[in-house]
Amino acid sequence: MRRDVYLVRLTCVALGLLTGYAFLSVHLFKLQIVRHEELLGKARQKYTARRTHRGSRGYIYDVNGNPLVGNLACRDIMAEPRRFDKCYDHILDILSRELGLDRDALHRRLKKAKEPGSRVVEVVVKRQVDMTDSERLKKYHKKKALDGSEYYSPCENKHCFNENCLDQLCGKVNLDKESLEKEKPPSKTDPIPGLRFVESSRRYHLKERLMANLLGFTDSQGAGVVGVEKLLDQSLRPHDGEERFERDPSGNRLHQTQASAARDGDNVYLTLSEPIQQIMEDELAAMVGKHAPSAAYALMTDPRTGAVLGMAQYPSFNPNDRRGISPDQWQNRILLHGFEPGSTMKCVAIAGAMDYNVVDLDTVFDCEDGYWVFCRRGLRDSGHKYGNLAVWEIVQKSSNIGTAKIALEMGQGRLYQTLHRFGFGQPTGLDHLTIGDLVLKPPLEASGIFRPLHKWDGLSISRFPIGQGILVTPLQMVQAYGALANDGVMMQLHTIDRLEVAGTGEVRKVLPQVKGRVLRPGSARQIVKAMKLVTQKEGTAPKAAVEGYEVAGKTGTAQKVVDGQYSSSKYVASFIGFVPADNPSFVLIVVADEPSQNGYYGGTVAAPTFSRIAEKTLRYMQIAPTPVRHRTTSYTERLVNADPGKNVSELP
Amino acid sequence: MANVRERLNEERTYRYKNLQVRAHAGARGLVWRVVLIVCAVAAISVVYVWLQSAGGKNARELQAKGRIMELNAKNLENLRLELESLRGGDNILTKVVEMGLALQPPRPGQVRRVSVDRANPPFDHSERPLVAQY
């Protein structure tokens, strides 16, 4: 009987244990098998940390490797105001003082996160703070004042003797300063709680305004917004690296589990040269100071390669401080703003006429004593009454009537073909390049206004060749004159010289591209001969001459259209040319939009600036002066001395 | 027979004594071995813990130094950029004006190329040592 009782009890206990173990097993099964992935994920979240390593955006250099845009290391400062405790006001004072922030504005921002129950925990105090400023802020640590109150101070002494803090903290206590100063600093410093310093970087333009409109800028996320920064964003942009590691409860790293290295962005080298750009910007600023135009541009290219050597404009901006800038300042107006070219268009039209063998340099036209009626509209030669002029004189004196008559000889179709071939009415496709496997999307560029042939009226043939009724960009003009300078071969304009791939150091060079031939070489050389005369003393721009060199160029003074009519007070003054004329090192255009002081003619406003830029650039480039025997001194003098049967076109 | 064995044992006392010594030595050796192993394990554990702690400390120090190096590298890069910025033409020209240096590049014709008679060069360094003259 007793034995049975024992057996029953034993069985009950065994059953109880078995049931318990069964429950445990089921629970274990659930934990280890059913919820395995979920719980493993949670555990991993607890002990695995992830750190993102940011690569740095590629630098932008000039053609000689002078850095133009780089990255300045800085920090974003974040605050968790709930952790400020009793020192909230004191910390607010420190932050506003050290970071130059408005105290009330900062208080308004922090207040929201301080309120209990608020979902906002952390607030950005200031982004992109300089390293020195953030280090200064990091030095603040907790101290105890003599009266027992706590405060934060950057001083290393136990008690603060900073002038600002002295009254506040030690004023009430009459103590010997010297004995206090001898006190050792605290062994361990507590930084301001609730402040977090996040490493970041800021795009920094080393030369500030230099090339600002071409280089463009990035947004707060580091993506290119405009200019080269946008054009080559794909290459310049860094690729972030990530590191995963297990950590102990204190956050110390145990061992790494996974890592991918960060990759810096590629470095970009422009075709522009910093010294040339500096010369251009200085001279453009001098012109703006003297003539007070509403806008001004200067653009220089190498006619043989199409490489842009300098690109300056006014108004400009400082990309390091973009507060309050307007689109007028940051837009690259050389690409986007069109203007009526005026007389600078004549050379293109006349070159076309010579290319079609309609005229040569010695063909004579009656310039009607300065006034000619065509299609019931009068056409004047500004300020002069010319009779018979040869084609070279028409270019030299910039005769509107002579040019219009050449165009009439040429006919509408040929004139249209010529201007179209020279690229008017179409974007130049600046930087439409393929570098290795990278295809660049060309920047936004205005195409100007050049009406198709079927929309021409009777007056068009007499107005387009003198640069009226047609809108061009400085870029289009330089492209066209580049073709004249390069024996009729038009090159693709570009500002990118090479890419340096980060990591491998591989250099991808942009090779010059030929866009096409727009003139026969003979025709190009003929028009260059006439253009050389413009800068002689009988021409319209003797002020564009450069001592020791031959300059081929053309002035332009175009009336601006105001309310549908040509204004008699607003002009666009320009000069475009190349030096040395027979073996050009560069093509340069200088444009002043609405000059309001000290003249408005291209020969008065733009030509002197052209001359100064050209002179300094030639000296910088170490271009040998044109030998005296090869120079075209003065055509009238040469004509007097020339053989009676010899034509001007045969002169060198 | 038993008498013979006893007599023999009496005569060969060394065998009896030898056996006795061996039995004690075995027990004591085991204890010593155990003690040695325990000590060794304890020592290894202590050394392991000490190494781990020192390793951790070193790793933390290394991290701290790495952070300082990173910070210094960033500061250095910032300073390099600032230097480049100060080297810019605009800045130099401004400083030239401010300091009244009035530096000018040579005008055309100011610097002339001197024609050199190859047979009789004006500065023949082969015969006399090159000494800077002030």
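These protein sequences, in sequence, are chains Y and D. Sequential numbering from 5 applies to the first sequence in this note's numbering. Sequential numbering from -15 applies to the second sequence in this note's numbering. Backbone N, C-alpha and C define an ideal beta-carbon position, used for all residues, glycine too. Only a predicted model underlies this, so the values are computations on that prediction, with no experimental measurement involved.
- Residues of the region 44 to 68 of chain D with a C-beta atom less than 7 Å from some C-beta of chain Y are Arg44, Lys58, Asn59, Glu61, Asn62, Leu65 and Glu68, listed in chain order.
- Minimum Cα-Cα distance from Gln49(Y) among the listed residues Asp252(Y), Ile531(Y), Asn70(Y) and His458(Y) corresponds to Asp252(Y).
- Around Phe88(Y), the same chain offers Ile95 and Gly198 as residues with beta carbons nearer than 6 Å, after the five sequence neighbours per side are excluded.
- Taking CB atoms only, Glu212(Y) has a neighbour in chain D less than 9 Å away.
- Close to Gly73(D), with beta-carbon spacing below 7 Å, are these residues of chain Y in chain order: Glu278, Pro279 and Gln282.
- The bridge partners DSSP lists for Asn271(Y) are Glu504(Y).
- Below the 9 Å Cβ cutoff, chain D contributes no neighbours of Met304(Y), its closest Cβ being approximately 16 Å away.
- For Gln333(Y), there is no enclosing beta strand (DSSP E); the enclosing alpha helix (DSSP H) has its first and last residue at Pro331 to Trp334.
- Contacts with chain D (Cβ-Cβ distance below 7 Å) from the region 192 to 209 of chain Y involve Tyr208, listed in chain order.
- Nearest CB-CB separation between Leu85(D) and chain Y: not below the 9 Å threshold.
- The beta carbons of Val399(Y) and Leu537(Y) sit closer together than 9 Å.
- Secondary structure of Trp16(D) (DSSP, three-state): helix.
- In the DSSP assignment, Lys147(Y) falls within the unbroken beta strand (DSSP E) covering His145 to Lys148.
- The beta carbon of Gly10(D) does not come within 9 Å of any beta carbon belonging to chain Y, so the residue lies off that interface.
- Nearest Cα to His57(Y) within the set Ser264(Y), Gln540(Y) and Gln483(Y): Ser264(Y).
- For Tyr553(Y), no alpha helix (DSSP H) encloses it, and the DSSP letter there is neither H nor E.
- Listed in chain order, the positions of the region 57 to 80 of chain Y with a beta carbon within less than 7 Å of a beta carbon of chain D are Pro71, Gly74, Leu76 and Ala77.
- DSSP, read as helix, strand or coil, puts Val511(Y) in strand.
- The beta carbon of Leu43(Y) sits closer than 8 Å to those of Leu35, all from its chain and outside the five residues before and after it, given in chain order.
- At least one C-beta of chain Y is nearer than 9 Å to the C-beta of Gly93(D).
- The bridge partners DSSP lists for Arg207(Y) are Asn75(Y).
- Beta-bridge analysis with DSSP links Phe343(Y) to Val476(Y).
- Against chain Y, the beta carbon of Gly40(D) has neighbours under 8 Å at Asn256, listed in chain order.
- Under the three-state reduction of DSSP output, Glu246(Y) falls in the strand class.
- With the rule of 3 Cβ pairs closer than 8 Å, the region 97 to 105 of chain Y does not count as touching the region 217 to 226 of chain Y.
- In the three-state scheme derived from DSSP, where H, G and I count as helix and E and B as strand, His31(Y) is classed as helix.
- Look at Thr544(Y) here: in three-state DSSP terms it is coil, with no helix or strand label.
- Taking 7 Å as the upper bound on Cβ-Cβ separation, chain D lies near residues Met135 of the region 121 to 137 of chain Y.
- The beta carbon of Glu285(Y) sits closer than 9 Å to some beta carbon of chain D.
- Under a 10 Å Cβ-count criterion, Tyr32(D) is classified as exposed, with fewer than 16 other Cβ atoms of the shown protein chains found around its own Cβ.
- Counting along the chain, the unbroken beta strand (DSSP E) around Val576(Y) starts and ends at Gln569 to Val583.
- Judged by their CB atoms, Ser157(Y) and Cys78(Y) are not nearer to each other than the 9 Å cut-off.
- With fewer than 16 other Cβ atoms inside 10 Å of its own Cβ, Tyr10(Y) counts as exposed.
- Going by DSSP, Gly382(Y) is part of the beta strand (DSSP E) stretching over Arg381 to Arg384.
- Look at Pro599(Y) here: in three-state DSSP terms it is coil, with no helix or strand label.
- Here DSSP, grouped into helix, strand and coil, assigns Ala83(Y) to strand.
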